[in-house]
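Let me begin by presenting the structure, written as structure tokens, before commenting on it.
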Amino acid sequence: MRVIETSSTFPLSSVKPLEGLLRYRAYCLSATRNALKGAARRRERSAVSDRHLEPFGDVDGIAYLRCPETGSLFLADLPEPTVWARLLADVSRYRHSSEAFHTGLVQSRTDNVYAPKLEWIQDTLRLQGLEKPRILEAVTAPSHFTRLLQESGAFAEVLTEDEMDLRMGGRASQAEDPVHAAVLLESLDRVDDPAALLRAVTDRLAVGGVVFVTALVASGFDMAVLGLRNLYLYPPDRANCLTVRGLSMLLERSGLTLQEVSTPGVLDVEIVNAHLQRDPSLPLPAFERQLLGADRDTHEAFQAFLQQRGLSSFARIAARKR
Amino acid sequence: MHCLIFGFGYMGKIRYHILRQHPAVHTITIVDPEADCSTVGIEGAVLRPGEPIPWGSCDAAFICTPNNVTADLCVEALRRCGRVFCEKPPGRHWEDFCKIAETAAATPAHTLMFGFNHRLHPSIQAAHALIGNGGLGDILYIKGTYGKSGGLKYRQSWRSHPEIAGGGILLDQGIHMLDLFHLFLWPLTVVDAVLVDTFWGTGLEDNAFVLLRSEQGVPAFLHSSATLWKHAFRLEIGCRNGYLTASGLLSQTGSYGREQLVIGKRQFEDEALALGNPREEIIHFDRDDSWENEVQEFIAAVTAGRPATHGTLEDARRVMQVIRDAYAMTEHAVAGRKD
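Those protein sequences? They're chains Y and H, same order as listed.
For the first sequence, the working numbering gives the first residue as -3, with consecutive numbering after it.
For the second sequence, the working numbering gives the first residue as 19, with consecutive numbering after it.
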């Protein structure tokens, strides 16, 4: 198995500025509350370990539960899958509208978020000896990544399918037409049943095919330090915030062998600092305050350490179907 | 399969433990007069003193002996069994290698493989996948450093006795790096070589500096050392579109450091901020299957009655030619330190 770190750096402001996020976050929380007004069901068991979920706390009044075995976090209540699918489509539309911060950062997000992911996928496929595979992208449309996948010329065919359709077992007829690669960019964070989505994607993969997963993980530095105060933790985008261990278990239980488990995040320290600047009274231990008050070299060295040891909050995993 | 293992030192033990796990292998016989029959895990596997070597039932032989007996055993195993896995180096010198090669040529349908497992290390395989059409383009140069500290018992080891080992650190450890050079650039010829016995005073080189060139004119440089007080493995490959640095080795002791591959992509000149300091990715590896995969390939080749895909006689010939020429350049007279 491999772990990858990167010397690539970019500021938080170029991809997801905290102040810019707040409006989008408020929209997401409001839309989620509306979706939960109908018949909601409480999640009882962890999607990764099957253990009974424990109370953890709430994000602006919306409850989260915790998996006692892996530390993964799960939104406590969920509406019917069709309602959840509509919610994901709604916030995706908003994210791509001129009202959300993302629109003004399209180019820098392409350069710093999507292009490195495409490069990662291409390099991994080379290492796995897979040339020009058919690739399945599971996403709630629209997706900036689709165009990059298509324009790369690295794939025989790019199939973009709705992640909730896949999770609900739709388009089963395509099961006879396997793909050799699949990409889930933070899909497991937002679908209501990540295990079901992964099962559906794995069913579509040929044996030896590779699935690429990215996720924000609860075991990462900024998530672990800030906990529920982390403003980047909100539904529906983070209905599930698994730990690296939880993600690994989920993939392995879905018939996949882990090829790479990395946390090449570059923003953990900056995210905690941004929270601290916004709210200086944040309850942080003295050591963390000392670290955050240190110079840039110290921050960079610490961020590199987080990457090397799998402790950043941005995770990416490549796994091969057994 | 019934496998014979000649020599139960460091390498013999590694091969034994891998063969024990292999589903095609049902019996292993260890041939080593110094092997302790009572050692836990090998009870019943060691050939008793005076017992004849069971060539009649042997399906494959593994030669894991000191260099001075490698060639003769390899020749005998080829003649009697025809399916031979031989640890590196393939003999003490070019003449030893030629004996093996001549016997192989006279043995129809043989399977002969040499132990050059470094090709199968994950960092090397990843580097190989990324060069050329893998995105980094053609190779511009290669530079390799491979060394160890020797250690307290260095002078007492058979590796430090000229008549047993035949060569110093270049033959013992540098041979792996030369094999990697050939993996990426073969064939290579020696441009210049400096071999010195600077510290250990064994009469064998403890440092070798070898400059080589490929047929396409690509230069390669090897520093093989027994006086690197910190164990080191480092292979730098410069390519048209970037560079790779493989370093560290997943060994049993971990003394060569965490195995990793640095991948750097060349930045274009108009990207002023990145010029001279391009973005790098570092792949860390935590699993080395090279020993297992090497044995797996040998057994598969034996079972299918085909030649091995790597570690071939030709691979061995290339590295032994380089070593022969490097020694010849220094006229076998290893220069000592001039105080």
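Glycine is no exception: its CB is placed at the ideal position from the N, C-alpha and C atoms.
Using the Cα positions of residue i and residue j, report the straight-line distance between them to the nearest angstrom.
i                 : j                : result
Leu170 (chain H)  : Leu267 (chain H) : 22 Å
Met347 (chain H)  : Ser148 (chain Y) : 51 Å
Asp77 (chain H)   : His44 (chain H)  : 11 Å
Val187 (chain Y)  : Leu193 (chain Y) : 8 Å
Ser169 (chain Y)  : Gln191 (chain H) : Confidence in Ser169 (chain Y) is poor, its pLDDT being 45 and thus under 50, which makes the residue's placement unreliable; the coordinate value appears in the next sentence. So the two alpha carbons sit approximately 57 Å from each other.
Ile46 (chain H)   : Gly242 (chain Y) : 42 Å
Trp176 (chain H)  : Val87 (chain H)  : 12 Å
Gly275 (chain H)  : Pro112 (chain Y) : 28 Å
Ile187 (chain H)  : Leu201 (chain H) : 20 Å
Thr327 (chain H)  : Glu310 (chain H) : 15 Å
Arg39 (chain Y)   : Leu288 (chain Y) : 36 Å
Ile341 (chain H)  : Tyr172 (chain H) : 22 Å
Pro67 (chain H)   : Ile48 (chain H)  : 11 Å
Ala300 (chain Y)  : Asp185 (chain Y) : 24 Å
Val(-1) (chain Y) : Gly306 (chain Y) : 8 Å
Glu65 (chain Y)   : Thr239 (chain Y) : 10 Å
Arg249 (chain Y)  : Ser269 (chain H) : 30 Å
Arg316 (chain Y)  : Thr259 (chain Y) : 18 Å
Leu49 (chain Y)   : Ser308 (chain Y) : 24 Å
Val93 (chain H)   : His194 (chain H) : 22 Å
Gly343 (chain H)  : Phe227 (chain H) : A quick correction: the sequence has Asp, not Gly, at residue 343 (chain H). Their Cα atoms are separated by approximately 13 Å.
Glu332 (chain H)  : Leu37 (chain H)  : 25 Å
Thr294 (chain Y)  : Val206 (chain Y) : 36 Å
Ala177 (chain Y)  : Leu272 (chain Y) : 40 Å
Leu91 (chain H)   : Trp73 (chain H)  : 12 Å
Asn259 (chain H)  : Pro237 (chain H) : 17 Å
What's the call for residue i, buried or exposed, on a 16-neighbour Cβ count within 10 Å?
i                : result
Ser244 (chain Y) : buried
Glu61 (chain H)  : exposed
Pro185 (chain H) : For the record, residue 185 (chain H) in the displayed sequence is Gly; it is not Pro. It is buried - the Cβ of Gly185 (chain H) has at least 16 other Cβ atoms within 10 Å.
Glu15 (chain Y)  : exposed
Phe283 (chain Y) : exposed
Glu52 (chain H)  : exposed
Glu159 (chain Y) : buried
Tyr261 (chain H) : buried
Met29 (chain H)  : buried
Asn85 (chain H)  : buried
Cys63 (chain Y)  : buried
Gln143 (chain H) : buried
Val179 (chain Y) : buried
Trp80 (chain Y)  : buried
Glu266 (chain Y) : buried
Leu213 (chain H) : buried
Trp116 (chain Y) : buried
Leu65 (chain H)  : buried
Asp291 (chain Y) : exposed
Arg29 (chain Y)  : exposed
Gly323 (chain H) : exposed
Asp304 (chain H) : exposed
Asn236 (chain Y) : buried
Glu223 (chain H) : buried
Val58 (chain H)  : exposed
Thr263 (chain H) : buried
Phe26 (chain H)  : buried
My understanding is that residue i touches residue j, with C-beta atoms under 8 Å, so please give their C-beta distance in whole angstroms.
i                : j                : result
Leu280 (chain Y) : Phe217 (chain Y) : In fact, because the Cβ distance is near 12 Å, the residues do not count as touching under 8 Å.
Thr156 (chain Y) : Ser139 (chain Y) : 6 Å
Ala319 (chain H) : Met131 (chain H) : 7 Å
Lys161 (chain H) : Glu254 (chain H) : 5 Å
Val135 (chain Y) : Leu181 (chain Y) : 7 Å
Ile317 (chain H) : His136 (chain H) : About 20 Å; that fails the 8 Å criterion.
Ser3 (chain Y)   : Arg297 (chain H) : 6 Å
Ser141 (chain H) : Leu279 (chain H) : 4 Å
Interface residues of chain H around residue i at Cβ under 8 Å?
i              : result
Glu1 (chain Y) : Glu299, Ile300 and His302
Give the residues of chain H in contact with residue i, contact being defined as C-beta atoms less than 7 Å apart.
i                : result
Leu123 (chain Y) : Ala144 and Ala147
Check the Cβ of residue i against every Cβ in chain H and list those closer than 9 Å, keeping chain order.
i              : result
Ser4 (chain Y) : Arg297, Glu298 and Glu299
So with CB distances below 8 Å, who are the chain Y contacts of residue i?
i                : result
Gly153 (chain H) : Gln118, Asp119 and Arg122
Taking residue i as the query, report the chain Y residues whose CB atoms sit under 7 Å from its CB, ordered along the chain.
i                : result
Arg305 (chain H) : Met(-3)
Three CB pairs or more closer than 8 Å across the stretch 90 to 107 of chain Y and the stretch 11 to 18 of chain Y: Yes: at least three Cβ pairs fall under 8 Å.
Under 8 Å, with one C-beta from each stretch per pair, do the stretch 19 to 33 of chain Y and the stretch 46 to 66 of chain Y reach the 3-pair mark? Output reads yes: the stretch 46 to 66 of chain Y touches the stretch 19 to 33 of chain Y.
Three or more beta-carbon pairs under 8 Å between the stretch 24 to 38 of chain Y and the stretch 198 to 213 of chain Y, yes or no? In this structure the stretch 24 to 38 of chain Y does not lie against the stretch 198 to 213 of chain Y, because fewer than three pairs of beta carbons, one per stretch, are closer than 8 Å.
On the three-pair Cβ rule with 8 Å, is the stretch 148 to 162 of chain H touching the stretch 117 to 131 of chain H? Here the stretch 148 to 162 of chain H makes no contact with the stretch 117 to 131 of chain H; the two share fewer than three CB pairs at distances below 8 Å.
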